[in-house]
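Student: In the numbering used here, the protein residues as written are 10 to 267.
Every residue, glycine too, gets a C-beta built ideally from N, C-alpha and C.
Note that the coordinates shown come from a computational prediction; the quantities given were computed from them, not determined experimentally.
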Amino acid sequence: MSKLQPYIESRGQGPDLVLLHGWGLHSGIWEMLADDLAEHFTLHMIDLPGFGRSPIPGDPYTLDLLTEQVLKVAPANAHYLGWSLGGLIATNIAIESPERVSKLITVASNPRFVQQDDWQHAMKANIMDSFCRYLEEDYQGTIIRFLAIQAIGSETQKDDIRRLRDTVFIHGVPAGKALRGGLALLNEVDLRQQLSRINVPMLRLYGRLDSLVPAKTAEQVAQLIPHSQHKVYPKASHAPFLSHKPVFVNDVKEFLHE
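1. Where does the unbroken alpha helix (DSSP H) through Ser252 begin, and where does it stop?
2. Run through the segment 177-237 for me and flag every whole beta strand (DSSP E) of 3 or more residues, listed as ranges in chain order.
3. Pick from Leu46, Trp128, Asp44 and Gly33: whose alpha carbon is nearest that of Asp199?
4. Can you tell which of Leu212, Gly91, Ile38 and Leu194 has its C-alpha closest to the C-alpha of Leu251?
5. Beta-carbon separation of Val110 and Val209 under 8 Å?
6. Determine which residues share a DSSP beta bridge with Lys240 and list them.
7. Here's a check: name, in chain order, each residue in its chain whose Cβ is nearer than 8 Å to the Cβ of Thr165, leaving out the five neighbours to either side.
8. Tell me which residues share the same chain as Val222 and place their Cβ nearer than 6 Å to its Cβ, disregarding the 5 neighbours each side in the sequence.
9. Confirm, please, whether the CB-CB distance from Trp32 to Leu195 is below 8 Å.
10. How close, in whole Å, do the beta carbons of Gly51 and Gly21 come, if the pair is a contact with beta carbons under 8 Å?
11. Classify Val182: buried if its beta carbon has 16 or more other beta carbons within 10 angstroms, exposed otherwise.
12. For my contact list, Tyr16 and Gly61 are in at a C-beta cut-off of 8 Å; report their separation, rounded to the angstrom.
13. What's the C-alpha gap between Tyr148 and Arg189?
14. Who are Gly91's beta bridge partners in DSSP?
15. Could you tell me how far apart the beta carbons of Leu75 and Pro58 are, in whole angstroms, since I believe they sit closer than 8 Å?
16. Under the rule that 16 or more other beta-carbon atoms within 10 Å means buried, what is Phe155, buried or exposed?
17. Determine the closest residue to Glu18 out of Pro66, Gly150 and Val79, with distance taken between C-alpha atoms.
18. So what's Leu52 in DSSP terms, helix, strand or just coil?
19. Could you tell me whether the Cβ atoms of Leu13 and Pro64 are closer together than 8 Å?
20. Would you call the CB atoms of Lys133 and Gln124 closer than 8 Å?
21. Assign Arg172 to one of three DSSP states: helix, strand, or coil.
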């Protein structure tokens, strides 16, 4: 496997908390929360390979690669909070390396992001296919369209979109391989059968207005991980930590301090 290591920024005091961002972005998306959370936790904000300041490995861009890369730089044991694609990676870490995870929080994430006959509360396959197709024609435009969809319906939609757009290209355009590979993971990965192996405390957070991960996903996943907890923010979309920061931060603190 690649010897390259992803970029990590650590700050704060208290129990270790690893933060994993979503597709197209980087760890800068957590800046708005960092000061509040750093009063209670030692934050480890990681840029996924090919995004932000992290190099792109030569290896195939797989879930196993991303898991291995994160674990290279993460503490030996920590709480994990993953948003969207980051939630998929954090979930896989809890499945494959449970000794590394104390508690798990996923935000607007899904063990299977795209619909199939027995999994209807997910993205329609044609929407994901169109993103994959547009990506080849216009990287920046496709990323911005994807970010805009993430905020649709939120009470703070305009502010959320502005924050996402202001953040995304601070460190340049993400590597094409990471963009293509990340979309492929969202399109193809299915962790539903492995969820029963999660034995750490888990909190799943959703936005009722999310068009990428429908809120009804919450009940579907509850059947697969009965011991997990979940909460749906009634007026949030795909990025509740932006639109509902105070209550989001409080929910994270309460769960991790239980």
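Tutor: On the basis of the coordinates in this document:
1. In the sequence shown, the residue the question calls residue 252 occupies position 243. For Ser252, the enclosing alpha helix (DSSP H) stretches over residues Pro249 to Ser252.
2. Scanning the segment 177-237 for uninterrupted beta strand (DSSP E) segments of 3 residues or longer gives 211-216, listed from N- to C-terminal end.
3. Taking the first residue of the sequence shown as position 1, residue 199 is located at position 190. The shortest C-alpha separation from Asp199 is found at Trp128.
4. If you number the sequence shown from 1, residue 251 lands on position 242. It is Ile38 whose Cα lies nearest to the Cα of Leu251.
5. Taking the first residue of the sequence shown as position 1, residue 110 is located at position 101. Taking the first residue of the sequence shown as position 1, residue 209 is located at position 200. Between Val110 and Val209, the CB-CB gap stays under 8 Å.
6. Your numbering for residue 240 matches position 231 in the sequence shown. Its beta-bridge partners are Leu214.
7. Translated into positions along the sequence shown, residue 165 becomes position 156. Excluding sequence positions up to five before and after Thr165, its CB lies within less than 8 Å of the CB of Leu251 and Ser252, all in the same chain and listed in chain order.
8. Taking the first residue of the sequence shown as position 1, residue 222 is located at position 213. Cβ neighbours of Val222 beyond the five flanking positions: Ala117 and Asn119.
9. The residue labelled residue 195 in the question sits at position 186 within the sequence shown. The residue labelled residue 32 in the question sits at position 23 within the sequence shown. Pairing Leu195 with Trp32 gives a Cβ-Cβ distance under 8 Å.
10. Here residue 51 refers to the residue found at position 42 of the sequence shown. Here residue 21 refers to the residue found at position 12 of the sequence shown. Per the sequence shown, residue 51 should be read as Thr rather than Gly. About 5 Å separates the beta carbon of Thr51 from that of Gly21, a gap short enough to meet the 8 Å contact definition.
11. As a working mapping, residue 182 is identified with position 173 in the sequence shown. Counting Cβ neighbours within 10 Å, Val182 comes out exposed, since fewer than 16 surround it.
12. Residue 16 sits at position 7 when you count from the first residue of the sequence shown. Residue 61 sits at position 52 when you count from the first residue of the sequence shown. Confirmed, about 6 Å.
13. Walking along the sequence shown from the start, residue 148 turns up at place 139. Walking along the sequence shown from the start, residue 189 turns up at place 180. If you draw a straight line from the Cα of Tyr148 to the Cα of Arg189, it is about 10 Å long.
14. What you label residue 91 is simply residue 82 of the sequence shown in a count that begins at 1. Per the DSSP secondary-structure output, Gly91 pairs in a beta bridge with Leu29 and Thr115.
15. Within the sequence shown, residue 75 is the residue found at index 66, counting from 1. Within the sequence shown, residue 58 is the residue found at index 49, counting from 1. That belief holds up - the Cβ atoms of Leu75 and Pro58 are roughly 6 Å apart, short of 8 Å.
16. Start at 1 with the first residue of the sequence shown, and residue 155 comes out as number 146. Classification for Phe155: buried.
17. On the sequence shown, residue 18 is found 9 positions in, with the first residue counted as 1. For Glu18, the closest of Pro66, Gly150 and Val79 by C-alpha to C-alpha distance is Val79.
18. Mapped onto the sequence shown, residue 52 falls at position 43. If DSSP states are grouped into helix, strand and coil, Leu52 belongs with the strands.
19. Along the sequence shown, read from residue 1 onward, the residue named residue 13 stands at position 4. Along the sequence shown, read from residue 1 onward, the residue named residue 64 stands at position 55. Yes. Within cutoff.
20. In the sequence shown, residue 133 corresponds to position 124, counting from 1. In the sequence shown, residue 124 corresponds to position 115, counting from 1. In this structure, Gln124 lies closer than 8 Å to Lys133 by Cβ.
21. Along the sequence shown, one-based indexing puts residue 172 at 163. When DSSP states are grouped into helix, strand and coil, Arg172 belongs to the helix group.
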